[in-house]
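These notes are about the structure you will find just below.
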Amino acid sequence: MTDSNFFQQTFGFEPNEHELRLFNGRDPIDESLAYDPAKYRGTSLEQYHHAWRLRGAQGRNGVPTYGISPTSVRNWSEPQRFGTESQPTSGPGSELKGLLLLLGITEKTGCDCNAKSAQMDAWGVAGCRVHRDEIVAWMRDGAKRWGWAARLKAGAHAVTSGLASQINWLDPFPDLVDLAIERADRISNLKSQIPKPTKLILRCPLSPGDVLTLTAAIESLHTTYSGEYLTDVRSPCPDLFLRNPHVTAIADGDPDARVIDMHYPSINRSNQSLTLFLAGYTSYLGEQLGRPLTLTTNRPHLWLSRAEETLDLASWQLAATKPIWLVNAGVKSDFTAKQWPVESYQAVVDQTRDRIQWVQIGDLNHDHVPLAGVTDLRGKTTLRELMCLTYRAAGGLGPVTLLQHLCAAFEVPYVCLLGGREPVPWVTYPRQTTLHTIGSKSLSCCRNGACWKSRVVPLGDRHDASLCEFPVTTGVRPVGWCMSLITPAEVVAAVLRLM
């Protein structure tokens, strides 16, 4: 199938040379230039470039994909790494704006072209037919006020196919309006043939670190089945999903929405197979949907605004004179087996403070013994602020915890203090060093696999049913023997390798 035939089947009309350039990823005016998404954002021209992307994804001889739907436009232009995407509009106004742009007519400062285009989109096809004469009058008035009548005639000579034969260039405005309405009508009909996306509400009541890995499942779902789902999340930490382009507000009680309580049952085979925590929710979601779904990313996904990415560190008395490393030296009371000796954390800080600006973070509702020689931000940041700090940091240090997943999301180096509690593949991320004792002959508890114990010593609740076999109680806080075997010298060496 030729490009022209594919275009015509997708949009319902024959392309002109400018539209074909867009269809092939080139600038519509200057074929020597690559297509610039920002230049044509908000116009119908984005749709033609999107068709090119669809054809590239399916192969030059593939079956046409009619993907011009509101949920598929998220892929029309590549986002910034942690930014947000704008979505193009559609309708008769956008079509007319695109036609004029191909003829060299662009918005001038002070004109109300965009407002009138938006009004046409709001009227829709039927409304624009009712208001046709009014729209034609707008165009004639604009041509007089902004002096683009001559440019319009000059542009007509540049259009050598498709569009040229459809316009009476002695009085082009009625034909341009009719053509814009006709194109919008055809695209609207195509959209109506596309099945509505399935609405999903994913519920996860767990801690922020666990919930953060759910973003990888959402990313994988939308990458694999682009445009087929709308997803929303119910969790204790909605800030993790703020600005995520794959999360759409869906009301509680929406009769069209399916609610899925999210779990990661793959944890139960993590000692027997190479299983990633990051993939846990993804495989479970695929099972619930009854469709193949595998992990398509190697990290969680977070989205910051430009203001957040450039947040002033001076508000936390932080300077850029030395690399900033975040340290989480504490644990929650339910999983104290993750604790590395507080004295060892202090030794690492003492041995590296001439080269590193250490920042201690942590929730004051958890057990975080203060360290000396650090900037103490325990309990002083919101979740979004901690995300911003992590984004700006040079590295992180701590156990398997929220900070580890934040560092993975922003591709920031991290030294993970694992001991023998969890399988190494389960917690592995790129750009992270995991220090563990699994396989050690001296530790029968984790010689053949992770122990998955919760507590070091009893604290008087249900988690006491899962206690460490070899507690070490001589330090500031009790720790597992496996954690005590990780030395400050090992950690310092790992930190310096990642700098």
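Counting from 1, position 10 in the sequence shown corresponds to residue 593 in our numbering; the numbering is continuous, with no gaps. We treat Cβ as the ideally placed atom computed from N, Cα and C, and that holds for glycine.
Taking a cut-off of 8 Å for Cβ pairs, the region 904-923 and the region 870-877 do not touch, as fewer than three such pairs fall below it. For Pro780, the closest C-alpha among the options Asp815, Pro757, Leu972 is that of Asp815. Only residues of its own chain outside the window of five on either side were considered, and among them Pro1071 have a CB closer than 6 Å to the CB of Ala930, listed in chain order. Sequence-distant Cβ neighbours of Ala767 in its own chain, meaning closer than 6 Å and more than five residues away, are Gly674, Pro675, Glu678, Val708. With a threshold of 16 other beta carbon atoms within 10 Å, Leu947 falls short and is exposed. Setting aside the 5 residues that flank it on each side, Arg967 is surrounded in the same chain by Asp822, Leu825, Glu891, each with a C-beta closer than 8 Å to its C-beta; the list follows chain order. A residue is called buried once 16 or more other Cβ atoms fall within 10 Å of its Cβ, and Thr1057, having fewer, is exposed. Residue state for Asp1044 is assigned as coil, using DSSP reduced to three classes. Taking 8 Å as the upper bound for CB-CB distance, Leu1000 and Pro791 are not in contact here, some 19 Å apart. The shortest CA-to-CA distance from Gly836 to any of Ile784, Leu969, Asp844, Pro757 is the one to Ile784. Here Gln1015 carries a strand assignment [DSSP, helix/strand/coil].
Secondary-structure assignment with DSSP links Ile843 through a beta bridge to Leu785. When secondary structure is reduced to three states using DSSP, Arg715 falls in the helix class.
Around the beta carbon of Pro778, a 10 Å sphere encloses fewer than 16 other beta carbons of the protein chains shown; the residue is thus reported as exposed. Arg817 is bridged by DSSP to Arg786. Contact between Gly978 and Val952 does not hold, since their C-beta atoms are separated by about 21 Å, which reaches or exceeds 8 Å. In the three-state reduction of the DSSP assignment, Asp754 falls in the coil class.
Bounds of any beta strand (DSSP E) do not take in Gly792; it lies within the alpha helix (DSSP H) bounded by 791-807. If you compare the alpha carbons of Asp917, Ser1025, Pro1008, Tyr974 with that of Arg1045, the shortest gap goes to Asp917. Around the C-beta of Glu802, 16 or more other C-beta atoms lie within 10 Å, and the residue is accordingly described as buried.
With fewer than 16 neighbouring CB atoms inside 10 Å of its own CB, Ser1025 falls in the exposed class.
When Asp937, Gly693, Ser1027, Trp752 are compared, the shortest CA-CA separation from Lys905 is found for Asp937. The continuous alpha helix (DSSP H) containing Leu868 extends over residues 863-872. Between the region 1020-1037 and the region 1058-1066, the count of Cβ pairs shorter than 8 Å is three or higher; the stretches touch. Contact check for Val1059 against Val932 fails: the beta carbons are separated by 8 Å or more. In this structure Leu989 touches Leu969 by the C-beta definition: roughly 7 Å separates them, less than 8 Å. For the pair Leu954 and Gln943, the Cα-to-Cα distance works out to about 7 Å.
A distance below 8 Å between beta-carbons, with the five flanking residues on each side excluded, links Phe1053 to the following residues of its chain, in chain order: Leu1026, Cys1028, Gly1063, Trp1064, Cys1065. Here Leu753 is exposed. Its C-beta has fewer than 16 other C-beta atoms within 10 Å. Within the region 983-1042, the runs of alpha helix (DSSP H) that reach at least 4 residues and sit entirely inside it are, in chain order, 985-992, 1007-1010. A straight-line Cα-Cα distance of about 6 Å links Val1039 and Thr919. Approximately 22 Å separates the beta-carbon atoms of Arg1014 and Ala1033; this is outside 8 Å, ruling out the contact. Leu876 is the residue among Leu876, Gln855, Gln776 whose C-alpha sits nearest the C-alpha of Tyr864. Residue state for Ile907 is assigned as strand, using DSSP reduced to three classes. Excluding five sequence positions before and after Lys1036, the CB atoms of its chain that fall closer than 6 Å to its own CB belong to Ala920, Ser1049, Cys1051, given in chain order. Within the DSSP secondary-structure output, Thr958 pairs in a beta bridge with Val942.
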